[in-house]
Amino acid sequence: MPSARSRVLYVSDLAYPAKGRRYGDEDVFLTSRLREDFDIAVCHPRDAAALMTGFDAVVVRNSGPVLHHQEAYDAFRQRALADGVRVYNQLTGKGDMAGKQYLLDLTAAGFPVIPTVDRAADLHRLPDVGTYVVKPKLGADSIGLEFVTRDRLAGLSYEDRLVQPRIDFRYEVSFYFVDRTFQYALYAPRPDRRWDLEPYEATERDREFAQRFVDWNDIAYGIQRVDACRAPDGELLLVELEDLNPYLSLDVLAPAVRDAFVARMATSLRGLIGQETAAPGAAGTG
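The sequence shown begins at 122 in this note's numbering and counts up one residue at a time.
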């Protein structure tokens, strides 16, 4: 059982220059609040593997795109799984944590997601639109993203790349969950200003949409953000299932909503720490 004051290693790149987001401010706030329940040390993602021994859990938060420290992240992940380290989010996620393959899997399974293919032979499955989005399977933060016309699709290299139609959506909306429980929603009324967010009153149908993806994912303890766009026909389509280190935009929330989120996160983290360590690689390990 965990002690009265569990030790948590909090992984964040406080100085990462995220466009439209203030990683450092958000994590300074979160750690200041979580210190009410845990003994916390903060480290850079490149140092996590070397420092995590002796902590009851490792929280991976605003650590920046893994592409910028891929070798260090791979070493951290491999060691954490081998040693049964409790990681928050758990390392069993099937969303962005594992690359963009989930977009193909969800498309094939008939989920409401922007249609996605990774082979020239499957281009006929995409709607005929003026512009298509080409993105790397291991991309993040729009790194490597490219817009092309349909006549260029056949000549592209599809090695480790995805193709989707460019959707003229009304707006983007994000749904935030702790474990599998909905917490709040935010949206960007202007499509050209992704991080200019406002509170969004999610309908029951909206919540059901987002809940499907969270329930599909293999994370029992952790924070997930379901990013969607409102298509011209009024339906929501999944853009991204962020299950590694989703930015939370806590500064946009009303104080009561923000307080409730922090309290729920603390409860979730206590739940993870209270779990018996599973065998390396088993479901629930992390």
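Just so you know, even glycine gets a beta-carbon here, dropped at the ideal spot from N, CA and C. Note that the structure is a prediction, hence the values are computed from the model and not measured.
Check: Residue 123 to residue 364 span [Cα, whole Å]; Outcome: Its pLDDT being 48, under 50, residue 123 is placed unreliably in this model, and the value from its coordinates should be taken loosely. Those two C-alpha atoms are separated by around 25 Å.
Check: Of the residues 212, 216, 286 and 226, the one placed nearest residue 245, counting alpha carbons only; Outcome: 286
Check: Reference residue 272; option with closest CA among 149, 259, 283 and 251; Outcome: 251
Check: CB contact flag (residue 305, residue 292, <8 Å); Outcome: no
Check: Cβ-based neighbour list, residue 173, same chain, cut-off 8 Å, excluding 5 preceding and 5 following; Outcome: 130, 179, 197, 200, 201 and 206
Check: Residue 134 to residue 362 span [Cα, whole Å]; Outcome: 21 Å
Check: DSSP three-state assignment for residue 389, whether helix, strand or coil; Outcome: helix
Check: Nonlocal neighbours in the same chain, by C-beta distance under 6 Å from residue 400, ignoring five residues either side; Outcome: Summary for residue 400: the model assigns pLDDT 34, below 50, so the residue's position carries little reliability, and this model does not support an answer.
Check: Minimum C-alpha distance to residue 340 - residue among 191, 221, 214 and 393; Outcome: 214
Check: DSSP-derived helix/strand/coil call for residue 394; Outcome: helix
Check: Nearest residue (CA-CA) to residue 277, options 259, 150, 238 and 149; Outcome: 238
Check: For residue 224 and residue 354, the rounded distance between their alpha carbons; Outcome: 21 Å
Check: Counterpart residues of residue 295 in DSSP-defined beta bridges; Outcome: 307 and 348
Check: Residue 343 and residue 372 closer than 8 Å at C-beta; Outcome: no
Check: Through-space distance from residue 248 to residue 279, alpha-carbon basis; Outcome: 18 Å
Check: At least 3 beta-carbon pairs within less than 8 Å: the region 161-177 vs the region 315-330; Outcome: no
Check: Cα-Cα separation between residue 379 and residue 142, rounded to whole angstroms; Outcome: 17 Å
Check: Helix, strand or coil at residue 228 [DSSP, three-state]; Outcome: helix
Check: Endpoints, alpha helix (DSSP H) assigned at residue 154; Outcome: 144-155
Check: Residue 321 versus residue 303: straight-line alpha-carbon distance, rounded; Outcome: 13 Å
Check: Residues of its chain near residue 126, where Cβ-Cβ distance is below 6 Å and the 5 sequence neighbours each way are ignored; Outcome: 160
Check: Residue 352 versus residue 235: straight-line alpha-carbon distance, rounded; Outcome: 10 Å
Check: Residue 159 - DSSP class collapsed to helix/strand/coil; Outcome: coil
Check: Inter-residue spacing [alpha-carbon to alpha-carbon] between residue 140 and residue 275; Outcome: 33 Å
Check: Element boundaries [alpha helix (DSSP H), containing residue 282]; Outcome: Careful: residue 282 lies outside any alpha helix (DSSP H), inside the beta strand (DSSP E) at 282-286.
Check: Buried or exposed by the 16-neighbour rule on C-beta atoms within 10 Å, applied to residue 147; Outcome: buried
Check: For residue 257, three-class secondary structure by DSSP; Outcome: strand
Check: Environment of residue 395 [buried if 16+ CB atoms lie within 10 Å]; Outcome: exposed
Check: Beta-carbon proximity list for residue 167, same chain, < 8 Å, skipping 5 on both sides; Outcome: 190 and 193
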